[in-house]
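Here's the structure, in structure tokens; my notes come after.
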Amino acid sequence: MIKGLFPVLMASLLALALGCSSLSRSQPEAGMYGQAAANATQGSESLAYQFSDVPVPAEMKLQSDESFIMQTPQVKAGALVYTGWRVDPSSLSTFYMRNMPQEGWTPLSYFQYGHYLLVFHKAEKVSVIRINKGRLTTKMEIWVSPSMSSSTSDPSERVLNQ
411 MIKGLFPVLM
421 ASLLALALGC
431 SSLSRSQPEA
441 GMYGQAAANA
451 TQGSESLAYQ
461 FSDVPVPAEM
471 KLQSDESFIM
481 QTPQVKAGAL
491 VYTGWRVDPS
501 SLSTFYMRNM
511 PQEGWTPLSY
521 FQYGHYLLVF
531 HKAEKVSVIR
541 INKGRLTTKM
551 EIWVSPSMSS
561 STSDPSERVL
571 NQ
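Next up, the structure:
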């Protein structure tokens, strides 16, 4: 009797798994996330919801176990880690060099080839985007932090009050 029950149980689990995978996920409204949604030139782009002014291509998937966000009423900062299956690091770098200025970010510097490091500045914050190619996946880190105030010469005196 138990031998006959096993195939039925496995078939039921398979049917349940296939049925659940076809459920559509509700998509957030584009207007909720600022100008990046309006600037999306292709349907393949999404946003880093934690930082509404930093666009993220849809091919890149958030690795929440490697990411962190620190938020107070005045400051939001952190690092978001994404991976993408066979995403070209050069095109990812080009994506950010084209799209970050549309979100009000000013490019400060960049390193390219092999490893990519892009640095942007906006009002009272800085964003650093690091892109590394692996064997099969591309890993990207987006860091957003308050910038050092030019009125304070000693970094230890900087108060996070944005």
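Be aware that the sequence shown starts at 411, since it is given in our numbering, and climbs by one per residue. Every residue gets a Cβ at the ideal spot worked out from N, C-alpha and C, and that includes glycine. Nothing here was measured: the structure is a model prediction, and the numbers come from that model.
Terminal residues of the beta strand (DSSP E) in which residue i lies
i: Tyr492; result: 486 to 495
i: Pro517; result: 516 to 521
i: Leu527; result: 525 to 532
Simplified DSSP assignment, three categories, for residue i
i: Tyr506; result: helix
i: Pro483; result: coil
Sheet register partners of residue i (DSSP bridge)
i: Leu472; result: Tyr492
i: Phe478; result: Ala489
i: Ser640; result: In the structure as shown, the chain starts at 411 and stops at 572, and residue 640 therefore has no counterpart that could be examined.
8 Å contact criterion, which residue i and residue j should meet: CB distance rounded
i: Ala468; j: Glu551; result: Not confirmed; about 18 Å, so no contact.
i: Ser557; j: His531; result: 6 Å
i: Asp554; j: Phe478; result: In the sequence on display, residue 554 carries Val and not Asp. With a Cβ gap of about 11 Å, Val554 and Phe478 do not count as contacting.
Open item on the list: Between the region 492 to 500 and the region 513 to 521, can you find at least three pairs of beta-carbon atoms closer than 8 Å?
Closed with: Too few Cβ pairs lie closer than 8 Å, so no.
- [ ] Report yes or no: do the region 500 to 507 and the region 471 to 487 share at least 3 C-beta pairs separated by less than 8 Å?
- [x] As far as the Cβ criterion goes, the region 500 to 507 does not touch the region 471 to 487, which means the pair count is below three.
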